[in-house]
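Peer 1:
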Amino acid sequence: MTADRRFSNLVNENKEFEILSDGSMAAFDINPVLHHRPGTNPFDPMDIGGVYLGDQFLEIQTKNQKLLSLVIDIGSTTISASLVDNKKGVEIAHKSGLNPQRQYGDDVISRATFIMGNEEGLEILQGLVLKQIKNLAQELIEENNYEATDLYAVFVASNAIMNHILVGLSPAPLARSPYQLQFEGKKTLDFSEIDMKEFGKGKLVVIPNITAFVGGDLTAGIISTEIYKSKDTELLIDIGTNGELVLSHEGQMYSTSCAAGPALEGMGISCGVTAQPGAIEETKAEDGQLILQNINSQPSIGICGSGVLAVIREFLKIGLINYRGNIQKQEKVSENLHHFYVEGQKALWVDREQNIFISQKDIRQLQMAKGAILTGIESLLDFAEVDTDDIKKVYIAGQFGSYLSPDSLTQVGLLPSAFHDKIHYVGNTSKSGCFMISLNKEIYEKVDGLVRGIKHLSLTTVEKFDLLLAQATLFPK
11 MTADRRFSNL VNENKEFEIL SDGSMAAFDI NPVLHHRPGT NPFDPMDIGG VYLGDQFLEI
71 QTKNQKLLSL VIDIGSTTIS ASLVDNKKGV EIAHKSGLNP QRQYGDDVIS RATFIMGNEE
131 GLEILQGLVL KQIKNLAQEL IEENNYEATD LYAVFVASNA IMNHILVGLS PAPLARSPYQ
191 LQFEGKKTLD FSEIDMKEFG KGKLVVIPNI TAFVGGDLTA GIISTEIYKS KDTELLIDIG
251 TNGELVLSHE GQMYSTSCAA GPALEGMGIS CGVTAQPGAI EETKAEDGQL ILQNINSQPS
311 IGICGSGVLA VIREFLKIGL INYRGNIQKQ EKVSENLHHF YVEGQKALWV DREQNIFISQ
371 KDIRQLQMAK GAILTGIESL LDFAEVDTDD IKKVYIAGQF GSYLSPDSLT QVGLLPSAFH
431 DKIHYVGNTS KSGCFMISLN KEIYEKVDGL VRGIKHLSLT TVEKFDLLLA QATLFPK
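According to the numbering used here, the sequence shown is numbered sequentially starting from 11.
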């Protein structure tokens, strides 16, 4: 962050502050929003200014008062919050908590279904998420010795369904054809509208969605990676239950989304678990054995998403699985591999001592997931008339993505092999992009236009999509 110019989008006082490359701060003059009028203002004009959200005035503030914002990433499982000092351009503290909406469904589709089937469903789920945001805000402010009224804005990046629930709009139009957003551009609500009156005259700001299936989290990713500025051809991929992609080529951005399913997150797999201590996250086949790497080096409790990819990658290498995804018949492989076969089942042992295995059905789940993402990539490149060799950088976003090695991604065919040396892991761009939007007035004002300019490809319109998907489910030979 310190290498770039970041400005507070909230404050227009006599000075705005620039974060220099060495981390120090320099001030430069701007046209003051507030003017001193002799005889009418008892304060020194250099000590007062106006707090603005973009160009929207919020209130008068002295220069020495605090100016805080909250950056929120709403995930299906976790809500993450960062308290930001907008005058200094730094994160003060971070805190996270469980998303209380989980009691009404593990994923956003089940939560949307709950809302559509219950008259008070929207009010219930909105109330739960707002209460958790408020709790996180209060805890961060109190623990760091600030006042509630020091907070002037809450910036939120999330998927489109989450964003709609947050602002009290039904996600029903997103869940059925023609899959339309209920609002476009940034959405703002007064603190008084969301039961945060004690925080003063601030605003909740929802980062704009791109489409019903490409949300504000990917918009934040566009900002974080600065893919929209690139003169090269670059691809941003958020790998998850719903794969989201943005391509930047010759000044134009293109997007699409694909239903990958939960297998890449370890869900829907026989011995699958989320990423947690004891989850198998990586492995290597040596001398007819699997050498397992578990999170925190704990005994195996199951296989998380990255582990599923790694296990299948290694089984492909040693010939236990063929390119069609079929488990080879035991008599067709060398005897030193026979111990991998689970007796009486179409399955292969991963950790026999802990009763952990991969079944034929699990392999099919992974094939559908990787096939969906690969088809999305190939279709988007074709839509933009771009070849895989034209791609200079491939950004892998999201917590899950950072656990996936280039070998796993390309050797199982989730990504084209040409991407292997172009992969850059960028972590939680939902948070980092939201953070940048909260600190840069220029970005804050241009983000709506960036989103409007994106050309979206719906995979339902792709010719012979089913054939392309079937081919993409195959493993590389």
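The beta-carbon is built from N, C-alpha and C at its ideal position, and this holds for glycine as well.
1. Counting beta carbon pairs with one atom in the stretch 451-465 and one in the stretch 194-202, are three or more of them shorter than 8 Å?
2. Using three-state DSSP, classify SER168 as helix, strand or coil.
3. Per DSSP, what kind of secondary structure is GLY282 in: helix, strand or coil?
4. I'd like the span of the alpha helix (DSSP H) that includes VAL422, first residue to last.
5. Does DSSP classify GLN262 as helix, strand or coil?
6. Give the DSSP bridge partners of LEU80, in chain order.
7. Mind checking which residues open and close the beta strand (DSSP E) that includes GLN299?
8. Are the beta-carbon atoms belonging to ARG216 and ASN169 less than 7 Å from one another?
9. Hey, how far is the Cα of PHE165 from the Cα of TYR114?
10. On the DSSP bridge list, what partners appear for PHE67?
11. If I measure Cβ to Cβ from ASN154 and keep anything under 7 Å in the same chain, skipping five residues before and after, which residues do I get?
12. Quick one: which unbroken alpha helix (DSSP H) runs of 4-plus residues sit fully inside the stretch 284-363? Chain order, please.
13. Hey, could you find the ends of the alpha helix (DSSP H) ALA382 is sitting in?
14. Tell me which same chain residues have a C-beta within less than 6 Å of the C-beta of SER440, skipping the five on either side of it?
15. By Cβ distance below 7 Å, which residues in the same chain neighbour LYS356 in space, the five residues on each side in sequence not counted?
16. Taking the beta carbon of PHE209 as the centre, do at least 16 other beta carbons fall within 10 Å, making it buried, or is it exposed?
17. Considering just the uninterrupted stretch of the beta strand (DSSP E) at ASP200, what are its terminal residues?
18. Measuring alpha carbon to alpha carbon, tell me which of ILE233, LEU77, THR159 ends up nearest ILE447.
19. At the level of alpha carbons, what is the spacing between GLN340 and LYS327?
20. What does DSSP give as the partner residue(s) for LEU255 in the beta ladder?
21. By the 10 Å Cβ neighbour count, where 16 or more other Cβ atoms means buried, how is ASP248 classified, buried or exposed?
22. Could you tell me which whole alpha helix (DSSP H) segments of length 4 or greater appear in the stretch 439-475?
23. What are the partner residues of HIS104, as DSSP defines its beta bridges?
24. Identify whether ILE366 lies in helix, strand or coil by the three-state DSSP scheme.
25. Go ahead and pull the three-state DSSP assignment for ILE220.
26. Can you tell me whether ARG121 is buried or exposed? The criterion is at least 16 other CB atoms within 10 Å of its CB, across all chains shown.
27. Hey, would you say ALA492 sits closer than 7 Å to ASP400, going by beta carbons?
Peer 2: With the structure as the only source:
1. yes
2. Along the sequence shown, one-based indexing puts residue 168 at 158. Three-state result, SER168: coil.
3. For this step, residue 282 is matched to residue 272 along the sequence shown. Strand at GLY282.
4. For the purposes of this step, residue 422 is taken as residue 412 along the sequence shown, with counting starting at 1. VAL422 -> no alpha helix (DSSP H), and no H or E assigned at all.
5. Position 252 of the sequence shown, counting from 1, holds the residue named residue 262. Strand.
6. Start at 1 with the first residue of the sequence shown, and residue 80 comes out as number 70. Paired residue(s): LEU93, VAL164.
7. Locating residue 299 in the sequence shown gives position 289, where the first residue counts as 1. GLN299 -> beta strand (DSSP E) spans 299-304.
8. Start at 1 with the first residue of the sequence shown, and residue 216 comes out as number 206. Start at 1 with the first residue of the sequence shown, and residue 169 comes out as number 159. First, the amino acid is wrong: residue 216 is Val here, not Arg. No. Outside cutoff.
9. Here residue 165 refers to the residue found at position 155 of the sequence shown. Here residue 114 refers to the residue found at position 104 of the sequence shown. One C-alpha to the other measures close to 25 Å.
10. Working through the sequence shown from its first residue, we reach residue 67 at position 57. Answer is TYR62.
11. The count along the sequence shown starts at 1 and reaches residue 154 at position 144. The residues are LEU93, ILE102, ALA103.
12. 315-327
13. Taking the sequence shown and counting its residues from 1, the one referred to as residue 382 is at position 372. Where ALA382 is concerned, the enclosing alpha helix (DSSP H) stretches over 370-393.
14. Residue numbering aside, residue 440 sits at position 430 when the sequence shown is read from its first letter. The residues are ASP83, ALA167, ASP227, ALA230.
15. Here residue 356 is taken as the residue at index 346 of the sequence shown, counted from 1. Contacts found: ILE337, SER369, GLN370.
16. As a working mapping, residue 209 is identified with position 199 in the sequence shown. Flag for PHE209 reads buried.
17. One-based indexing of the sequence shown puts residue 200 at position 190. Run containing ASP200: 197-200, per the beta strand (DSSP E) assignment.
18. As a working note, residue 447 is residue 437 in the sequence shown. Closest by alpha carbon: ILE233.
19. As a first step, residue 340 must be located in the sequence shown, where it is residue number 330. As a first step, residue 327 must be located in the sequence shown, where it is residue number 317. Their Cα atoms are separated by approximately 16 Å.
20. The sequence position of residue 255 within the sequence shown is 245, counting from 1. According to DSSP, which records beta bridges pairwise, LEU255 is partnered with ILE247, THR266.
21. Numbered from 1 along the sequence shown, position 238 holds the residue referred to as residue 248. Per the 10 Å Cβ criterion, buried.
22. 439-449, 451-462
23. Residue mapping note: residue 104 aligns to position 94 of the sequence shown, counting from 1. Answer is SER92.
24. The count along the sequence shown starts at 1 and reaches residue 366 at position 356. Here ILE366 sits in strand by DSSP.
25. The residue given as residue 220 occupies position 210 in the sequence shown. Three-state result, ILE220: coil.
26. Translated into the one-based positions of the sequence shown, residue 121 becomes position 111. The residue is buried, with at least 16 neighbouring Cβ atoms inside 10 Å.
27. No statement about residue 492 is possible, as the shown extent of the chain runs from 11 to 487 and does not include it.
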